[in-house]
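Residue numbers (this note's numbering): 1 to 381.
The beta-carbon is built from N, C-alpha and C at its ideal position, and this holds for glycine as well.
Given the structure is predicted, the values throughout are model-derived calculations rather than measurements.
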Amino acid sequence: MIDGQKIIEISPVAARELGLSIAFQHPALLPDLTVTENLMLSVPTRKRPPFSRATEWARKRLAPMGMPIRPESRVDTLTLAEKQAVEICGALACDPQVVIFDEPTEPFMAAETEQLFTQIRRLAATGVGIVYISHRLPDVLALADRITLLRDGEIRGTYNAAEVTEREIITRVAGREVDAMFPDRAQALGEPVLRVRGLRAPGLKGVDVDVRLGLAGVKAMASGSSFIRPLGGAIAGRGNVQVEGRTADLRTPRAARASGIVLMPQERHIEGLAPIHTVAETCRSPQLHNPLTRGVIRLSQEHELVIRTIAEMGIKTPSADTAVKTLSGGNQQKVVLGRASSPSPRCCSTTSPPRASTLASARTSTIAFAATPMPACRWSC
1 MIDGQKIIEI SPVAARELGL SIAFQHPALL PDLTVTENLM LSVPTRKRPP FSRATEWARK
61 RLAPMGMPIR PESRVDTLTL AEKQAVEICG ALACDPQVVI FDEPTEPFMA AETEQLFTQI
121 RRLAATGVGI VYISHRLPDV LALADRITLL RDGEIRGTYN AAEVTEREII TRVAGREVDA
181 MFPDRAQALG EPVLRVRGLR APGLKGVDVD VRLGLAGVKA MASGSSFIRP LGGAIAGRGN
241 VQVEGRTADL RTPRAARASG IVLMPQERHI EGLAPIHTVA ETCRSPQLHN PLTRGVIRLS
301 QEHELVIRTI AEMGIKTPSA DTAVKTLSGG NQQKVVLGRA SSPSPRCCST TSPPRASTLA
361 SARTSTIAFA ATPMPACRWS C
């Protein structure tokens with residue numbers, strides 16, 4: 001029902017005409033077009049400004065996000081956070097009556113998130129209906145009037161936001177107490193297993209880092225990919241990188257993997273997955289470049305590897321032969337995690353590994369990765 005009108009089937013164009021707009025989790029933008037052109041396509045023809053005023057119109061639409069996005073820029077030159085901002089601005093450009101936000105803050109830092117919240121509160125105050133979908137519970141509690149909990153497609157309850165705590169939400173979604181999810185662990189610092197000295201790359205100037213066994217990360221790091229991508233061999237970098245005392249070859253992702261470092265990119269749909277491939281094909285793909293197998297696929301061993309990966313990562317899929325593109329975002333991310341665990345890396349460099357996963361499943365899959373039988377994998381997040 002939209003404004004009292006019952007809707008049976010609806011197209012994107014009809015939805016916009018009825019006042020329904022969606023900001024998707026993965027920006028539905030055309031990479032070869034400019035920001036202005038993408039924003040123009042997001043509104044009905046009758047609401048588009050004259051071409052002579054399109055750039056200024058786009059600039060005004062972008063302004064509330066507070067990000068330095070040029071309307072003339074091509075979308076494929078933007079960062080993930082900037083693409084998400086353009087997606088949100090496009091959803092709001094047609095002055096909707098109802099807006100659905102699907103994981104809108106995943107690539108944002110605190111300041112960008114607050115800018116979005118200001119817009120959402122302003123919209124709600126003017127009578128616009130807001131459906132906000134997120135795994136970030138602080139975001140939900142900061143914005144929502146009512147909260148509906150979903151897990152694996154099933155409703156776990158609906159509550160007034162003022163009457164439920166974050167701990168209660170986690171417990172009801174996970175089906176177990178929070179203490180069981182986050183047990184106390186003894187911490188013992190060992191010798192650095194990853195040493196980075198004088199790393200230089202676009203956005204980096206002489207970075208020195210030591211990483212020890214375990215999960216290492218920086219909260220709200222603005223340019224996480226600037227540090228992560230050179231380590232995985234995705235972009236050219238200069239400096240000295242050692243894994244367990246041996247100099248790593250970072251000229252290509254394959255060379256980095258051979259040195260014991262795997263890269264999990266932030267934009268999995270562009271750099272991390274081939275959506276038409278099956279879960280099995282994705283999980284076993286690293287083995288194709290294993291010099292010990294010489295490209296020969298031993299079906300019995302590969303089947304065992306795939307089944308074990310699905311179980312350890314908690315991937316919910318009808319079968320191992322299901323196309324990755326049909327899985328939920330959280331399960332796609334688990335497939336990326338599973339692929340990174342084979343064959344036995346020494347260090348995993350990643351940005352936002354639990355992206356699109358529920359808190360419980362993200363915790364489970366992340367710990368499953370760290371506990372995967374391998375010679376002590378180290379993470380740099």
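Start-to-end residues for the beta strand (DSSP E) that takes in Glu103: Judged by DSSP secondary structure, Glu103 falls outside any beta strand (DSSP E); it is assigned neither H nor E.
Going by C-alpha to C-alpha distance, which of Ser341, Glu191, Leu194 sits closest to Pro286? Ser341
On the three-state DSSP scale, how would you describe Lys205? Strand at Lys205.
Which residues in the same chain have their Cβ closer than 8 angstroms to the Cβ of Ile315, if we skip the five residues on either side of it in sequence? Val279, Thr309, Leu327, Asn331, Lys334, Val335, Gly338
Residues that DSSP places opposite Thr158 in a beta bridge: Thr148
As a quick exercise: from Arg156, Gln97, Glu72, Ser134, pick the residue whose alpha carbon is nearest that of Arg122. Looking at the Cα atoms, Gln97 is the closest of the given residues.
Find out if the Cβ-Cβ distance for the pair Ser11, Cys94 is shorter than 8 angstroms. no
Going by DSSP in three states, Ala360 sits in which element: helix, strand or coil? Annotation note: pLDDT 49 at Ala360 (below 50); position unreliable, coordinate value reported separately. Helix.
Using DSSP's beta-bridge definition, name the partner residues of Ala323. Thr278
Measure the C-alpha to C-alpha separation of Arg197 and Arg346 and round it to an integer number of angstroms. 18 angstroms
Just verifying my parser: in three-state terms, what is the DSSP assignment at Ile10? coil
How many angstroms separate the CA atom of Ala201 from the CA atom of Asp210? 18 angstroms
Kindly identify the DSSP beta-bridge partner or partners of Gln5. Ile2.
Distance check for Glu87 and Lys47, CA to CA, integer angstroms please. 17 angstroms
Between the C-alpha atoms of Ala144 and Lys83, what's the straight-line distance to the nearest angstrom? 25 angstroms
By alpha-carbon positions, which one of Met65, Gln115, Arg172, Pro31 ends up nearest to Glu154? Among Met65, Gln115, Arg172, Pro31, the Cα nearest to that of Glu154 belongs to Arg172.
To the nearest angstrom, report how far apart Gln242 and Ile261 are at their CA atoms. If I take the Cα positions, the gap works out to 10 angstroms.
Just verifying my parser: in three-state terms, what is the DSSP assignment at Gln97? Look at Gln97 here: in three-state DSSP terms it is coil, with no helix or strand label.
Flag this pair as yes or no: are the beta carbons of Arg61 and Thr105 separated by less than 8 angstroms? No, Cβ-Cβ distance for Arg61 and Thr105 is not below 8 angstroms.
Which residue marks the beginning of the alpha helix (DSSP H) containing Ile310, and which one marks its end? First-last of the alpha helix (DSSP H) with Ile310: 299–313.
Just to confirm, is the Cβ distance from Ile133 to Glu103 under 8 angstroms? Taking 8 angstroms as the cut-off, the beta carbon of Ile133 is found closer than this to the beta carbon of Glu103.
From Asp321, Gln25, Val324, pick the residue whose C-alpha is nearest to that of Ala81; which is it? Gln25
Cα-Cα separation, Glu112 to Glu72: 21 angstroms
Just the C-alpha distance for Val35 and Leu299, rounded to the nearest angstrom, thanks. 47 angstroms
Which residue wins for smallest C-alpha separation from Asn38, given the options Ala58, Ala311, Gly4? Ala58
Roughly how far, in whole angstroms, is the beta-carbon of Ile147 from the beta-carbon of Ala161, given that I think they are within contact range, below 8 angstroms? Contact between Ile147 and Ala161 holds: their C-beta atoms lie close to 5 angstroms from each other, under 8 angstroms.
Go ahead and label Val43 buried or exposed: buried means 16 or more other beta carbons lie within 10 angstroms of its beta carbon, across all protein chains shown. buried
Span of the beta strand (DSSP E) around Leu263: 261–264
Confirm, please, whether the CB-CB distance from Ala323 to Pro275 is below 8 angstroms. yes
Going by alpha carbons, who is nearest to Ala28 out of Ile270, Ala311, His277? Ile270
What did DSSP end up calling Ser285 once you bin it into helix, strand or coil? helix
Anticipated Cβ contact below 8 angstroms, Phe117 with Ala142, distance rounded: Right, their Cβ atoms sit about 7 angstroms apart.
What does the Cβ neighbour count give for Pro31, buried or exposed, with the cut at 16 atoms within 10 Å? Pro31 counts as exposed, since fewer than 16 other C-beta atoms from the protein chains shown sit within 10 angstroms of its C-beta.
In the DSSP assignment, what are the bridge partners of Gln242? Arg195, Thr247
DSSP three-state label for Val211, please. strand
Three-way DSSP call (helix, strand, coil) for Gly90 in this model: helix
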